[in-house]
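Residue numbers (the working numbering): 866 to 1207.
Beta carbons: idealized from backbone N, C-alpha and C, even for Gly.
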């Protein structure tokens, strides 16, 4: 039977391990803590991160990274974005000539402004042709319960994209391929910032009108920045664009949305994060997005107000007023309108 290594035993890593194990693959699930490994191997459940989901017997948890990678060339990175560089540094000496990596974290490295595929290339020169990104509207809680889900695998190499498409494809996990790594990574990172904004609006007591406006104009911001960075505009209309944005902004499973709700209700960011069991990727990404805003000279008003609420002490209600009272603009302001007879 084929072995696969899943590195990271949080909710998403566990859900992906279960998805692969249901296909009959042998899954080596790497975790940092021995107590978590013991729990998974004995109880067949990841109680803290994915409660209620039975882990098949062909999932073996371990804290030994060399053991996790020993029998496989297919490696799934499922650690938070802030740990991506570190885990790549840890595994690069264990890679085989045909080893391929698929990353499932969504974020931008704030210190370098690199996308996570660029971090991998910086740490392992030449890995890009054997590196892929998995993204799309896919909450671990639902994937773990085998609810029908559709995602995208992006890679600069068609061979690598199709390799991981085949690896994950199942009756409950439909996988598309896309060559636009930039667009997929930018969408995956920035949608978390927009989800924070949507959550804040809910916490303030606003309704569907506000949420719809934030999602729609948030998509404009994502596409605006992504195109400046070299993405294909069509990517933003797909699963990793509008699909992932909608689910992250509206779902009860969304940590970024829940964080935004708490902020809108007046809780401090410090207290919210201290009570969270898992990473809230949008908080860290917001810092990176503001630097990218300056680098590419793009207008990102929603992201900017989220940054002010998170890190500059701006009252969420004032942030909404700032957004609503900006100078009037055309909805499709990037399109040349000179020939339109209005």
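Check whether the Cβ atoms of residue 1065 and residue 1128 lie closer than 8 Å to each other.
Along the chain shown, one-based indexing puts residue 1065 at 200. Along the chain shown, one-based indexing puts residue 1128 at 263. Yes; because the gap between Cβ atoms is below 8 Å, this pair is in contact.
CB residue 1060 to CB residue 972, shorter than 8 Å?
Counting from one through the chain shown, the residue named residue 1060 turns up at place 195. Counting from one through the chain shown, the residue named residue 972 turns up at place 107. No, Cβ-Cβ distance for residue 1060 and residue 972 is not below 8 Å.
If you measure between the beta carbons of residue 979 and residue 988, is that distance less than 8 Å?
Within the chain shown, the letter at position 114 stands for residue 979. Within the chain shown, the letter at position 123 stands for residue 988. It is not a contact, given that the beta carbons lie outside the stated cut-off.
How close, in whole Å, do the beta carbons of residue 1019 and residue 1043 come, if the pair is a contact with beta carbons under 8 Å?
Here residue 1019 is taken as the residue at index 154 of the chain shown, counted from 1. Here residue 1043 is taken as the residue at index 178 of the chain shown, counted from 1. Yes, residue 1019 and residue 1043 are in contact; Cβ-Cβ is about 5 Å, under 8 Å.
Out of curiosity, what's the CA-to-CA distance linking residue 924 and residue 965?
As a position in the chain shown, residue 924 is number 59, starting the count at 1. As a position in the chain shown, residue 965 is number 100, starting the count at 1. Between residue 924 and residue 965, the C-alpha separation is close to 20 Å.
Taking its Cβ as the centre, do 16 or more other Cβ atoms sit within 10 Å of residue 1186, making it buried, or is it exposed?
For the purposes of this step, residue 1186 is taken as the residue at position 321 of the chain shown. Exposed: under 16 other Cβ atoms inside 10 Å.
Taking the Cβ atom as the reference point for each residue, do residue 1006 and residue 1118 lie within a distance shorter than 8 Å?
Translated into the one-based positions of the chain shown, residue 1006 becomes position 141. Translated into the one-based positions of the chain shown, residue 1118 becomes position 253. Yes, these two residues count as a Cβ contact at 8 Å.
Among 935, 1124, 992, whose alpha-carbon lies nearest the alpha-carbon of residue 1067?
Taking the first residue of the chain shown as position 1, residue 1067 is located at position 202. Of the listed residues, the one whose Cα sits closest to residue 1067 is 1124.
Touching or not, the stretch 1102–1116 and the stretch 893–908, by the rule of three or more beta carbon pairs under 8 Å?
no
Measure the C-alpha to C-alpha separation of residue 1078 and residue 985 and round it to an integer number of angstroms.
What you label residue 1078 is simply residue 213 of the chain shown in a count that begins at 1. What you label residue 985 is simply residue 120 of the chain shown in a count that begins at 1. C-alpha separation (whole angstroms): 35 Å.
Beta strand (DSSP E) runs contained entirely in the stretch 930–1013, provided each spans 3 or more residues
939–942, 965–968, 996–1000
Can you tell me the Cβ-Cβ gap for residue 1168 and residue 1086, rounded? I've got them flagged as a contact below 8 Å.
For the purposes of this step, residue 1168 is taken as residue 303 along the chain shown, with counting starting at 1. For the purposes of this step, residue 1086 is taken as residue 221 along the chain shown, with counting starting at 1. So it is a contact: roughly 6 Å between Cβ atoms.
Going by DSSP, which residues form a beta bridge with residue 847?
Residue 847 cannot be examined here, being either before or after the span of the chain that is shown, 866 to 1207.
Take residue 877 and list the residues in its own chain whose beta-carbon comes closer than 7 Å to its own, dropping the five residues that flank it on each side.
Residue numbering aside, residue 877 sits at position 12 when the chain shown is read from its first letter. 943, 969, 1005, listed in sequence order.
Can you find a C-beta in chain B that's less than 8 Å from the C-beta of residue 881?
The structure shown contains no chain B, having only a single protein chain.
Which residues mark the beginning and the end of the beta strand (DSSP E) in which residue 925 is found?
Taking the chain shown and counting its residues from 1, the one referred to as residue 925 is at position 60. Run containing residue 925: 924–927, per the beta strand (DSSP E) assignment.
Taking residue 1016 as the reference, which of 1029, 1025, 1023, 1024 has the closest Cα?
Counting from 1 along the chain shown, the entry for residue 1016 is found at position 151. The candidate whose alpha carbon is nearest that of residue 1016 is 1029.
Do you know whose CA, among 1138, 887, 1039, 1024, lies nearest residue 1003's CA?
Taking the chain shown and counting its residues from 1, one reaches residue 1003 at position 138. The shortest C-alpha separation from residue 1003 is found at 1039.
Ends of the beta strand (DSSP E) at residue 1042?
Start at 1 with the first residue of the chain shown, and residue 1042 comes out as number 177. Residue 1042 -> beta strand (DSSP E) spans 1038–1043.
Can you have a look at residue 1170 and say buried or exposed, based on whether 16 or more other CB atoms are within 10 angstroms of its CB?
As a working note, residue 1170 is residue 305 in the chain shown. Under this definition residue 1170 is a buried residue.
Under the assumption that residue 934 contacts residue 959 (Cβ atoms under 8 Å), give the Cβ distance between them as a whole number of angstroms.
Within the chain shown, the letter at position 69 stands for residue 934. Within the chain shown, the letter at position 94 stands for residue 959. Confirmed, Cβ separation roughly 5 Å.
Quick one: grab the DSSP three-state call for residue 881.
Locating residue 881 in the chain shown gives position 16, where the first residue counts as 1. If DSSP states are grouped into helix, strand and coil, residue 881 belongs with the helices.
Within a Cβ cutoff of 6 Å, which residues of the same chain sit near residue 1062, ignoring the five residues on either side of it in sequence?
Numbered from its first residue, the chain shown carries residue 1062 at position 197. So the list reads 1079, 1167, 1171, once near-sequence residues are dropped.
By the 10 Å Cβ neighbour count, where 16 or more other Cβ atoms means buried, how is residue 1099 classified, buried or exposed?
For this step, residue 1099 is matched to residue 234 along the chain shown. With fewer than 16 Cβ atoms within 10 Å of its Cβ, residue 1099 is classed as exposed.
On the DSSP letters alone, give me the boundaries of the beta strand (DSSP E) that residue 891 sits inside.
By 1-based counting over the chain shown, the position of residue 891 is 26. Segment 891–895, the beta strand (DSSP E) holding residue 891.
Quick one: grab the DSSP three-state call for residue 1069.
Reading the chain shown from its first residue, position 204 is the one you call residue 1069. Coil.
Taking all protein chains shown into account, decide if residue 1175 is buried (16 or more other Cβ within 10 angstroms of its Cβ) or exposed.
Stepping through the chain shown from its first residue, residue 1175 is reached at position 310. Burial call: buried.
DSSP three-state call for residue 837: helix, strand or coil?
Shown here, the chain extends from 866 to 1207; a query on residue 837 therefore has no answer.
What residues match up with residue 871 in a beta bridge as DSSP calls it?
Position 6 of the chain shown, counting from 1, holds the residue named residue 871. Residue 871 pairs with 894, 941.
Identify the residues that DSSP records as bridge partners of residue 1019: which are they?
Residue numbering aside, residue 1019 sits at position 154 when the chain shown is read from its first letter. Per DSSP, 998, 1043.
Relative to the C-alpha of residue 889, which residue among 1120, 868, 1116 is closest?
Here residue 889 refers to the residue found at position 24 when the chain shown is read from its first residue. Answer by Cα proximity: 868.
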